[in-house]
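A.B. asks: To start, I am sharing the structure in question, which I have written as C-alpha cells.
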Amino acid sequence: MSAAAPSATMGGPAPVPATGSSALVPVGDAPGHLVSKAAFDPQSAVRLTPEQEHFYLASQWMLMWWKFKRHKVAVASAVILLLMYGSTLVTEFLVPYNLHSRHPDFIYASPQSVHWVHEGKLVGPFVYPLIKTLNMDTLKREYSEDTAKPYPVRFFCSGDKYEFWGLFEASFHLVCPPEGASLFMLGTDRLGRDVLSRIFYGARISLTIGLLGIFISFVLGLVFGGIAGYFGGIPDMLIQRVIEIIRSFPELPLWMALSAVLPVTWSPLLVYFGITGILALLDWTGLARAVRSKLLALREEDYCTAARLMGASPKRIITRHLLPGFMSHLIAAASLSIPSMILGETALSFLGIGLRPPITSWGVLLNEAQNINVVALYPWLMAPVIPVIIVILAFNFFGDGLRDAADPYR
Amino acid sequence: MLRYVVNRILLMIPTLIAISIIVFAIIQLPPGNYLESYIAELQSQGESVDPQKIAFLKQEYGLDKPLPEQYLRWAAGMLKGDFGYSFEFNLPVTKVVGDRMFLTIIVSAFTILFTWAVAFPIGIYSATHQYSWGDYGLSLLGFLGIAIPNFMLALVMLYVANVVFGTTIGGLMDPSFIGKPWSWAKVVSILEHSWIPVFIIGAGGTAGMIRKMRANLLDELQKQYVVTARAKGLPPGKVLRKYPLRMALNFFISDIGSLLPHIISGAEITAVVLSLPTTGPMLLQALKSQDMYLAGSFLMFLAFMIVVGVLISDLALVALDPRIRLQGGVAR
Chain A
6 MSAAAPSATM GGPAPVPATG SSALVPVGDA PGHLVSKAAF DPQSAVRLTP EQEHFYLASQ
66 WMLMWWKFKR HKVAVASAVI LLLMYGSTLV TEFLVPYNLH SRHPDFIYAS PQSVHWVHEG
126 KLVGPFVYPL IKTLNMDTLK REYSEDTAKP YPVRFFCSGD KYEFWGLFEA SFHLVCPPEG
186 ASLFMLGTDR LGRDVLSRIF YGARISLTIG LLGIFISFVL GLVFGGIAGY FGGIPDMLIQ
246 RVIEIIRSFP ELPLWMALSA VLPVTWSPLL VYFGITGILA LLDWTGLARA VRSKLLALRE
306 EDYCTAARLM GASPKRIITR HLLPGFMSHL IAAASLSIPS MILGETALSF LGIGLRPPIT
366 SWGVLLNEAQ NINVVALYPW LMAPVIPVII VILAFNFFGD GLRDAADPYR
Chain C
146 MLRYVVNRIL LMIPTLIAIS IIVFAIIQLP PGNYLESYIA ELQSQGESVD PQKIAFLKQE
206 YGLDKPLPEQ YLRWAAGMLK GDFGYSFEFN LPVTKVVGDR MFLTIIVSAF TILFTWAVAF
266 PIGIYSATHQ YSWGDYGLSL LGFLGIAIPN FMLALVMLYV ANVVFGTTIG GLMDPSFIGK
326 PWSWAKVVSI LEHSWIPVFI IGAGGTAGMI RKMRANLLDE LQKQYVVTAR AKGLPPGKVL
386 RKYPLRMALN FFISDIGSLL PHIISGAEIT AVVLSLPTTG PMLLQALKSQ DMYLAGSFLM
446 FLAFMIVVGV LISDLALVAL DPRIRLQGGV AR
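Going line by line, the protein sequences match chains A and C.
According to my numbering, the first sequence is numbered sequentially starting from 6.
According to my numbering, the second sequence is numbered sequentially starting from 146.
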C-alpha cells in the first residue's frame, strides 16, 4: 500500500512522509545496523531445553502415540487384537487338531479339563482319557474321565498333517493330544471335531472379514465423502440423499436380503467376498458423512487460507494440510465400526444365510448352537461367542483410545 | 408449524419411492424368476401344473412385461394394500403376514420405551457421578451390552429359563391365544410375555444410549449457563432439572432415527431365536426359500416403519423444542 500511495499523488509537492524502510532510519547519527542478515531464529528469546525440544518439536503422529500410550485399556486392547490377528497367521501350528479332522468315537464330547496333579504328585499338564457310555434312558452320550493313568500333553510335537499356507506339508504343532488319549479342551461338535481348534480357524475368517470390509467401506467413504465435501452443490446433495436412504433401511434385514440372493452356485470363497462387499456396502455412509463434515470444516480453517495465500496448489493443500488433519479421526472412526461388521457377519452366518460350511467363521460355528436343545445339552457349543465378545470389546476400547489420541493438541 | 409438518411429510415421498425401487431391485435379483423355478419344481415332483394358475400369476405380475412396468404394477398394488403373492404359501402376502407386522410394531415400541426408561436415569447418574465406581461399573455393563450379540443373549436366556427355572420362554403370548381374535386377555398375555424379548432386543441399544446420554450431558454440564445457574445459588438438583436435562431430552427424541434401525435389526434376529410371531422368522424363511415378494414386502414394511418413526420423532422435536419451532428449520 505504502508503495502505491506516492505514485498516485505524483506531480504535486508531496508532504507525505518518506515511504518504506527509510522512514525507520533515525535521523542523525545512525547506528551501524539496518537489517540483520542472519537467518531468523525463532528461539532467540527463549532457548528450549533438549527435553522441551523433544516435546515441542515432536511430529503429530509422535504426539498421538504418546497420548495413546496413556490410555492403558486401549493399549491392552491393541495388544490383544495384535495377538489375535497374529495367531491367524500360524493357526495350523497353534492348535492341536485340524479344522476338519473328525473323531467319530467322540461325538459331542464334553470339555476335557487339563490337570496338573495326579494322586498328590505334580505331573505337569496332563489329561485323563475319556470313556464314553451311552445312557440308555436318555439316549445321550455321556463322557467320564478314566483317572487310572495320566496322559501328559505333548508340546512341540507332530500331530495332524496340514499344508502350511498351501506351500508345504507339515505336522508340527505347539500342543498335541497325548498318544492314546484325546485333547478336547472345549469339547467336540456333532461330527466329533475339536471346538477349540475350530474357534482358532474361525478367527481367520471372522477377523479378516472385518478388516477387508472396513477397507472397502473406507475407500467408498473417502471417495463419496470427498466428492460431497469438496465439490459441494448438486453432487453433495445427491450423495446426502443416498446416504439418508441407505440409513433408513434396517441394517440386518437388508444384509439378510442381499446375502440371501447371492447365487447358490457361487463357491464358498466367492460368497466370502460377496458377504464382505455387502457388509461394506451399507457401512460406508457413516465414514462418508465424517469425511464430508471434516472437509467442510477444515477447508475454512485459517491455516488452509494461509496455505492458499502462500500459493500452495489444491493438491498440496489436500494432501499436506487437510488429509493429515482428519486421517487420524477417520482411522479412529473406522476402527470403531469394525465390530459392527464382525457382529453382522456372525449374525448372518448364525442365521444360516451368511458364509457356508467349508468356510468356518465364528458365526458358522455358532450356527450349530441355534437349537435350544443343543444349547441345553451341549452348552460348550456356545463357546465361539467368547472370542466374539472379546474382539468387540477390544475394538471398542482400542477405537476409543485412538479417538482420544487423534486430537493430540487438546 | 403446519407448513413445516406438511413439508416434512412431502419430503418422505421421494425417500419412500427410492426405498421401494431398491426393494424391487432386490426382489428381482435372484437369477430367473420364482415362477419358473416353481413350475420346474412342481414338474420334477411329477405334479401337474395348473396352466390357468400360471397364466393368472403371469398376468397378475406382468412377468412377461418389461421391468419398469412390473415395478409400477407392484408399487401401485402396494398403495392399494396388495403386497403381492407369496409363492411358497400360495396365498396373497397380506393373508400370510396376518398380525405379524402389528406385533413387530408393538415389540419395537415397547423396546424404545424400555430403552428410554433404563438409559435416562442411568445416563444421568453416570454423568453426574463421573469417574465414580458406579459410573465405571455401569459403563462396563454398557460395554458388555454392546459386545454380546443379542441372538446369543436370547439363547442364554432360553438356556437359563430352561435349565435353571424349568420354564420355557419364547412366543409372544400364551399358546391358547394364537390365532384368536384380539381381546383384553390376549393383550395382557402379550404384555406378560413381551418383557423378555424387549429386554434382549433393548440391551444393545440401551447400552449405546447410556454412553451417548452420558457424553451429551457431560458436555452440557460444562457449559456456562450451568455455571451461572450454580452461581446464582440454585440447588444442584434444580440446576440439573431446569437446564441441562431439557437439552438432553431433545437428544433422546432426535436419536430415534439411529435407534430404530438398530432395534428393528435386533428384533428380527431375536425373534428368530425365540420364535416370536413377528416378521423376523418369516422374513428369514422367505429369504431362504427365495420367496421374494414376501421378503420384499417385509423389507418395505420395516423401512417404512423407520421412516415413519423418524417422522414422528422429528414432529415431536418440533413440538418440544422452541428453537426449531420458531426458526422453522429442519431438525437434525
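Note that beta-carbon positions come from the ideal geometry of N, C-alpha and C, so glycine has one too.
Helix, strand or coil for residue 158(A)? Go by DSSP, reduced to three states.
C.D. replies: coil
A.B. asks: In chain order, what residues of the same chain lie with their CB nearer than 6 Å to the CB of residue 214(A), ignoring the 5 residues before and after it?
C.D. replies: 281 and 350
A.B. asks: Name the residue from 141(A), 98(A), 174(A) and 119(A) whose alpha carbon lies nearest to the alpha carbon of residue 416(A).
C.D. replies: In the structure displayed, chain A extends from 6 to 415; residue 416(A) sits before or after that span and is not available.
A.B. asks: Taking C-alpha atoms, which residue in 315(A), 110(A), 221(A) and 101(A) lies nearest to residue 160(A)?
C.D. replies: 101(A)
A.B. asks: Spell out whether any CB of chain A is found under 9 Å from the CB atom of residue 403(C).
C.D. replies: yes
A.B. asks: Check the Cβ of residue 83(A) against every Cβ in chain C and list those closer than 7 Å, keeping chain order.
C.D. replies: Those within 7 Å of residue 83(A) in chain C number zero; the least Cβ separation is about 16 Å.
A.B. asks: Classify residue 170(A): buried if its beta carbon has 16 or more other beta carbons within 10 angstroms, exposed otherwise.
C.D. replies: exposed
A.B. asks: Between the Cα of residue 154(A) and the Cα atoms of 140(A), 126(A), 96(A) and 164(A), which residue gives the shortest distance?
C.D. replies: 126(A)
A.B. asks: When DSSP labels each residue in this structure, what does residue 378(A) get in the three-state scheme?
C.D. replies: In this structure, residue 378(A) counts as helix in the three-state DSSP scheme.
A.B. asks: Kindly list, in the order they appear in chain C, the residues whose Cβ is closer than 7 Å to that of residue 262(A).
C.D. replies: Simply 171, 432, 440 and 444.
A.B. asks: Name the residue from 78(A), 342(A), 391(A) and 332(A) whose alpha carbon lies nearest to the alpha carbon of residue 191(A).
C.D. replies: That would be 391(A), whose Cα lies nearest to the Cα of residue 191(A).
A.B. asks: Could you give the DSSP three-state label for residue 386(A): helix, strand or coil?
C.D. replies: helix
A.B. asks: Whose CA, out of 364(A), 217(A) and 345(A), lies closest to the CA of residue 271(A)?
C.D. replies: 364(A)
A.B. asks: Tell me the rounded alpha-carbon separation between residue 291(C) and residue 352(C).
C.D. replies: 6 Å
A.B. asks: Per DSSP, what are the beta-bridge partners of residue 146(A) in this structure?
C.D. replies: 139(A)
A.B. asks: Can you tell me where the alpha helix (DSSP H) with residue 97(A) in it begins and where it stops?
C.D. replies: 96-99
A.B. asks: Buried or exposed for residue 28(A), please, with buried defined as at least 16 other CB atoms from any protein chain shown within 10 angstroms of its CB.
C.D. replies: Any reading at residue 28(A) needs caution, since the residue's pLDDT is 47, under 50, leaving its predicted position unreliable; the model's value is listed next. Counting C-beta atoms within 10 angstroms of its own C-beta, residue 28(A) has fewer than 16 neighbours from the protein chains shown and is therefore classed as exposed.
A.B. asks: Classify residue 2(A) as helix, strand or coil using the three-state DSSP reduction.
C.D. replies: There is no way to answer for residue 2(A), as the model of chain A reaches only from 6 to 415.
A.B. asks: Give the secondary structure of residue 175(A) by DSSP, where H, G and I count as helix, E and B as strand, and everything else as coil.
C.D. replies: strand
A.B. asks: Could you tell me whether the Cβ atoms of residue 132(A) and residue 183(A) are closer together than 9 Å?
C.D. replies: yes
A.B. asks: Can you name the start and end residues of the alpha helix (DSSP H) that residue 74(A) belongs to?
C.D. replies: 65-75
A.B. asks: Taking C-alpha atoms, which residue in 67(A), 285(A) and 137(A) lies nearest to residue 114(A)?
C.D. replies: 137(A)
A.B. asks: Give the DSSP bridge partners of residue 123(A), in chain order.
C.D. replies: In the DSSP assignment, residue 123(A) forms a beta bridge with 126(A).
A.B. asks: Would the beta-carbon of residue 343(A) fall within 9 Å of that of residue 278(A)?
C.D. replies: no
A.B. asks: Within a Cβ cutoff of 8 Å, which residues of the same chain sit near residue 18(A), ignoring the five residues on either side of it in sequence?
C.D. replies: Bear in mind that a pLDDT of 46 at residue 18(A), under 50, signals an unreliable position, so the number given afterwards is only what the model happens to contain. Cβ within range, chain order: n/a, list empty.
A.B. asks: Determine the direct distance from the alpha carbon of residue 158(C) to that of residue 168(C), and round the result to whole angstroms.
C.D. replies: 15 Å
A.B. asks: Along the chain, where does the alpha helix (DSSP H) containing residue 300(A) start, and where does it finish?
C.D. replies: 273-304
A.B. asks: Are the C-beta of residue 407(C) and some C-beta of chain A separated by less than 9 Å?
C.D. replies: yes
A.B. asks: Could you say which of 397(C), 403(C) and 366(C) lies nearest to residue 385(C) if we only look at CA atoms?
C.D. replies: 366(C)
A.B. asks: Can you list, in chain order, the residues of the stretch 361-388 of chain A whose Cβ is nearer than 8 Å to any Cβ on chain C?
C.D. replies: 371, 374, 375, 377, 380, 381, 384 and 387
A.B. asks: Which term fits residue 455(C), buried or exposed, when burial requires 16 or more other beta carbons within 10 angstroms of its beta carbon?
C.D. replies: buried
A.B. asks: Nearest CA to the CA of residue 223(C): which residue from 442(C), 451(C) and 289(C)?
C.D. replies: Cα-wise, what sits closest to residue 223(C) is 442(C).
A.B. asks: On the three-state DSSP scale, how would you describe residue 258(A)?
C.D. replies: helix
A.B. asks: With DSSP as the reference, label residue 47(A) as helix, strand or coil.
C.D. replies: In this structure, residue 47(A) counts as coil in the three-state DSSP scheme.
A.B. asks: Once the 5 residues before and after residue 350(C) are set aside, which same chain residues still bring their CB inside 6 Å of it?
C.D. replies: The beta carbon of residue 350(C) lies closer than 6 Å to those of 260, 404, 407 and 408 in the same chain, with the five residues before and after it left out.
A.B. asks: Measure from the C-beta of residue 413(C) to each C-beta in chain A and report whether the shortest distance is under 9 Å.
C.D. replies: yes
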